Amino acid sequence: MSRPTRATGRLARYGFGTAEGDGGARAADLLGPDGLRLWRPEEQEPADEPAGELLAAMSRAADPDLALRQLHRIVEAERRTTDDAVDSPLLAELHADPGLRRRLIAVLGASSALGDHLVAHPDHCTALRTAPDGLAPIAEGRLEPAAGGNPVAVLRTAYRLALLRIAAADLTGGRGLEQTMAALSALADATLAAAYEVAVAELAEGTERPRLAVVAMGKCGGGELNYVSDVDVIFVAAEDADLAAATLVATRLIHICGLVAWPVDAALRPEGNRGPLVRTLASHLAYYQRWARTWEFQALLKARPAAGDLPLAQEWIDQLAPLVWRAAERPEAVEDVRAMRRRIIDHIPPKELEREIKRGPGGLRDIEFAVQLLQLVHGRGDETLRAPGTIPALRALVAGGYVGRADGEALLRGYRFLRSVEHRLQLQGLRRTHTVPTEPGALRWLAAALGFTAAPGRSAVESFRAEWVTHATEVRRLHAKLLYRPLLESVARVPADGLRLTPEAARHRLEILGFADPAGALRHLQALTGGVSRTAAIQRTLLPVLLSEFADAPEPDRGLLNYRKVSDKLGSTPWYLRLLRDGGPVARRLARVLALSRYVADLLARDPEALRLLAEENELAPRSREVLREGFLAAAARHADPVEATRAVRALRRRELVRVACADVLCRAGALAPTPTRPDGANRPAPGLADITQVGTALADVTDATLAAALRAAQASQPAPEGLRFAVIGMGRLGGYESNYLSDADVLFVYDPPAGSSESAASAAAHAIAEELRRLLGVPAPDPPLGVDADLRPEGRQGPLVRSLAAYAAYYARWSRVWEAQALLRARFVCGDAELGAEFEAMIDPVRYPAEGLTREQVVEIRRIKARVETERLPRGADPATHTKLGRGGLADVEWAVQLVQLRHAGRVPSLRGTRTLDALAAAERAGLIDPTDAAEMAAGWSLTAQVRNALMLVRGRAGDQLPRHGVELAGVVRLLGRDDPGEFLDEYLRVGRRSRAATERVLNA
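Each residue of the sequence shown is one higher than the one before, starting from 29 at the first, in our numbering.
What follows is the structure in C-alpha cells.
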C-alpha cells in the first residue's frame, strides 16, 4: 500500500526523520495503523486530539525519533504480555496523564539505556505516574525494593526505578542540577547501605557482625554524583578483630554494587590497590600521620559517612580532620596540587584533549582543583569552607571573600553547564563518558537535550559550541588565576593559629612577630577586620600574610600603620581588596613597600590608586624619556590655567616617582621583584638599587619632562616678544642623570632675543618666564614640590636669574673661574628651544673642555676648594666615614677626582666629554688616565654610596646623607640592599670607602 508523499513532510514538522535521515518515512510506519495508530496517513494528521498531544510531546524530546522507536517497542512488548492486539493501556495512560506523558517521553528521547530497561519491564513505566495529589513522583534517590526474590535482583530493579524517577525529574525541569546530584548521591548511599546489609546477611552463620564503616569519597562524598561513575569509598574497621569479617563484607559489597548499579572503587585508600582493602581506624591514622601525600589529604576533603557503621565513619573523619587542615602547611603542598592537575592533563589522549569536559583544560577538574586548593589553604582558619561539595565550597569561598563575586559566579555557571553536559552524555547510554562527540547527529542530539534551539543564522549545535567555548575559556582563565595565585603559598606558610585572628591569639602572634606595640597593632587589626562585612572578611584573609611580611621589616608597626592608612582611604573602593587578593604578588609587594619605605608610603597616602602599579610587571619599569615628555606635555595642554596645568603635571610626576621607587624597593625582593618584558618578549631587569645608574636616569627623565611641561605652561601665561628663544640647562645631578628621590632641579636659564627687539624687554620677558616656572613648581599642593635651583649661575645668587646666550659667552670668556668650568662639566640641554640649547653647549665646550687642560695653579685651586668643602660643609657631628656625600671615598671624593681628570684631558680626549660620572670614569680608564684598579675601587665606592643615599631617602622619607652605625634606619637600608647582617654590611661599607678614598687621592694628586 503506497503512502501519500506529503505525509512524511507533515511528520517532519514534529521533528521526525531528522536522526533517521529519511524525512519521516520510518516514523510514518511506526505511527500509522500498523504501529501505534496515532497517525492517519490519508488525512496526514494525528488520529485524534490525544494523539496530537502525544506527538507534540515527542516533538519536544531531545530525539523525537528515538522517543518514538522506544515507545513503539514498549507498546509492542506490552501487547505481547497482554495478548491485546488493539488497545494499549500505556497509550491510554499517556493520553489521560499529561505528567506521565511528559516525563516518559522525555526519558525515552534522552536515554536509549533507560528505554531498553522499560522495553524489558513495561510495567515500570507506571513509576512515572502523577500522584493522586497531582504531584510528580518522588525523585530523591530512595530505594523501594519489592518483597521477596533474589535480594540482588530486587535491589537492581529498585535502583533502576529510582534512577528512572531521578532522570525524569531532571529532564522535565522538576529538579535542578544540584538537586539531581544530591538525589543521585542519596541513591548511591541507599544502594551501598542495601548492598552492605545483603553482604552481612551472607556471612557464615555464627560470624559476629563486624563494625565496618563505608566512607563515601570523590563525587559521591561531595554529594555531586553523576549518572554513571565509579563510586569512590574507603572501608574502615573498628578493631583488628573486625578485619576478617569486614573484608568479606567489603568484597561482597563491591561485587553486589557492580551487578546492581556501578563499580565501587576503593583505590583512594592508603597505599591504593596495593594496600589492604580494609584497615582499622588506628591503622588509617598511623598511615595519614606518617606517609600520606598531599593529594590524599585533598581527597579527604570530600569524605562523608555513607553506609555501615555511620558513627565509626564520622569518628574516622573527625580524627583525620586536623591532619587534613594542616596538610597545606607542608612546603610542597601547593605545588603538589598544581602538579597533580598538570599530570591529569598530560595523560589525556591528544585527540580527546579539546573535547574532554571533565579532565581537559577548562573542564570540571579545573574548577574542582582550584576550589579544593583554596579550601586546603584557607579552610585551616575558616571552618565555613569545610564543605565536601564543590558548589557549597565555592559559595563559601565567595561569601568569605576568598574568591571575587564575579569570578565565583563565572565558575558556578561554568560548573553547572559542564555538569549538565556530562549528565546528558552519560544518560544517553548509561555509560561513563566525558567526551563531547564529533559525529553531527550525536552533536544535534546533545544540543537538543541541553535545550539549545536554532536561531536566525545559527544552528542549535553552533549555539551549544559557542556557549561551551565561552565557559571553557573562562574556567581555564579563572583556574590559572586561582590555582596559581601567589598569595596561596604565602597563606599556606602561615601557621594555622595565625589565621585565626582572635584578640588573644592576635596579641600573642604580634609579640612573636616583633611588633614593638602589640596593643596598638591589635587596635589596627580590629579596625581592619571588625564586623561581618565582605571587606572585613577579605582583610582577615590578607592580614596573616601581610603581618608576616611586615615582621620581616625593621619596623613592623610602621608597615601595619601605613597599611591601615591606605586601607582607610581605599577600603570602600571595589577594586582595592580584590586587587590585593587576586592580583598576583600585589599584596606582598605592598606590604614590603609600606614596611620598608616611608617615602613610598607617603606618596601612596597622597595617591593610593597608584598601588595598581604593583599588579603589572611592565608598570614597574620606567617610562622612556619620549613617552614621559609627550604625556606630561599633553596633560598640561588640557588646561588653560597654568596653575591647573602644572597641578596635572605634578600629579603625573608623583605617579612616576611611585613607579620608580616601588621598583627600587622591590628589586632585591626575590620572587617579588618585578620582571618587565621588552616588546619582543625578552626579559629585562627592572630598575632598582642593583643598578643605581638606571634609577638616576629614570628620575632625571621625570624631572626633564616636568620642567618641559611647566615651561610650556609658564610661556603660555607670560607675554614675550615674538621669536624670543628660551632654554633650560640642567646642571649638577640633574645634568649628570644622577638624580635622587629628593633632588632639586639645578638649572641655568638662557634666552636669545629676537633680532631687532629691545634687549631689556627680552630680558624682562625671559625673567618673568623663569620666575613663573619656579613659582608654578613650588605652589603648595598635595604632590611633592620640585625645587628649581639656579644658584650655579654666574655670580651665584648675586647674579641675574636669566642671561642671554651672549651674556653667558662674555662672562665665561672674561670672568669664569675654574670651579665654574668644573660645574659646567654636567651642563646639558633639558627643555625649551633645542637649537638654543645646542648653541649653549657648543659655547661652553671650550670652557669645560679646555684644549690645553689646566694650569698647575688651577689644579692646586681645585684641590684647595675640595679640601675646604670637605672641612666646612660636612655637618657638625657628622661621621666622615659614613657620610655618603662628603664622607671618605663617597660621592664627592669620586666626582671631584673624575671631574679633575675631565678638565685636564677632555680637550684632547673626546671620550671624556660626558656628564655622567661612571661613564667618564670608564672612559678615563680606557684612555689610560686612571689605573684600572683605582677605577674599579672608585666605581665601587661611588655606586655603593649612591645606593645607600637613595636607600636612606626611601627609608626615612626625607633627605639625609648620614648612614647610621646602628638602629632601625641602618637595618632598613640593609634590608633594601638585599643584605642580612647590618654589622657585616657596615664593615663592607667602611672597607669600600677606605679603598675608594685611597684611589681618589692618588688620582687627585697625580
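Cβ coordinates follow ideal geometry from the N, Cα and C atoms, glycine included.
All figures in this text were calculated on a predicted structure; none of them were measured in a lab.
Check, Outcome
"Beta-carbon contacts of L66 that lie in its chain and below 7 Å, excluding the five residues immediately before and after", "L59, P74, A75, A79, L82 and L83"
"Close Cβ partners of A1026 (< 6 Å) along its chain, the five nearest in sequence each way excluded", "none"
"Closest Cα partner of V888 within the set N1033, G995 and P602", "N1033"
"Sheet register partners of S832 (DSSP bridge)", "Y779"
"Neighbourhood of V431 by C-beta distance below 6 Å, restricted to the same chain and skipping five residues each side", "L425"
"Same chain only: Cβ atoms within 6 Å of L215, ignoring 5 sequence neighbours per side", "G169 and A190"
"L680 versus L598: straight-line alpha-carbon distance, rounded", "20 Å"
"Length at least 4, wholly inside the segment 193-237: the alpha helix (DSSP H) runs in chain order", "205-229"
"V503 versus A967: straight-line alpha-carbon distance, rounded", "53 Å"
"The alpha helix (DSSP H) enclosing P333, as first and last residue numbers", "Segment R332 to G336 is the beta strand (DSSP E) holding P333; no alpha helix (DSSP H) there."
"For A244, the first and last residue of its enclosing beta strand (DSSP E)", "L240 to A244"
"Own chain residues within Cβ distance below 8 Å of A676, not counting five before or after", "A663, A664, R666 and H667"
"Buried/exposed call for P808, threshold 16 Cβ in 10 Å", "exposed"
"Q400 (DSSP reduced to helix, strand or coil)", "helix"
"C-alpha distance - A320 paired with E411, whole-angstrom precision", "22 Å"
"Three-way DSSP call (helix, strand, coil) for R369 in this model", "helix"
"Contact test: R321 Cβ vs the ligand MG heavy atom, cutoff 7 Å", "The ligand MG is not among the ligands present in this structure, which contains no ligands whatsoever."
"Beta-carbon proximity of V264 to L348, cut-off 8 Å", "no"
"L1014, buried or exposed, once every other Cβ within 10 Å from all chains shown has been counted against 16", "buried"
"Backbone secondary structure at R354 - three-state DSSP", "coil"
"Minimum C-alpha distance to R472 - residue among L957, G43, R753 and L642", "G43"
"Exposed unless 16 or more other CB atoms sit within 10 angstroms - verdict on L949", "buried"
"Closest Cα partner of R616 within the set L571, R932, E637 and L589", "L571"
"Three-way DSSP call (helix, strand, coil) for F492 in this model", "helix"
"Assumed close pair V242, A334 - CB separation to whole angstroms, cut-off 8 Å", "5 Å"
"Touch test, the segment 827-842 against the segment 906-926, Cβ-Cβ under 8 Å, three pairs minimum", "no"
"Start-to-end residues for the alpha helix (DSSP H) that takes in C285", "L271 to V288"
"Backbone secondary structure at D260 - three-state DSSP", "strand"
"CB-CB length for T642 against L622, believed under 8 Å", "First, the residue type needs correcting, since residue 642 is Leu and not Thr in the sequence shown. Actually they do not touch by this definition, with Cβ atoms about 11 Å apart."
"Inter-residue Cα distance where the pair is D1008 and V1002", "7 Å"
"Contact between the segment 362-376 and the segment 248-268 (3+ Cβ pairs under 8 Å)", "no"
"DSSP bridge partner residues for W319 (one or two, in chain order)", "None, per the DSSP bridge assignment."
"Integer-rounded CB distance, given that A294 should sit under 8 Å from L276", "The Cβ separation is near 14 Å, so there is no contact."
"Which residues DSSP lists as bridging T308, in chain order", "A265"
"Y627 to N254 span [Cα, whole Å]", "58 Å"
"Other residues of its chain near A909: CB distance less than 8 Å, five sequence neighbours each side excluded", "G915, R916, L1018 and G1021"
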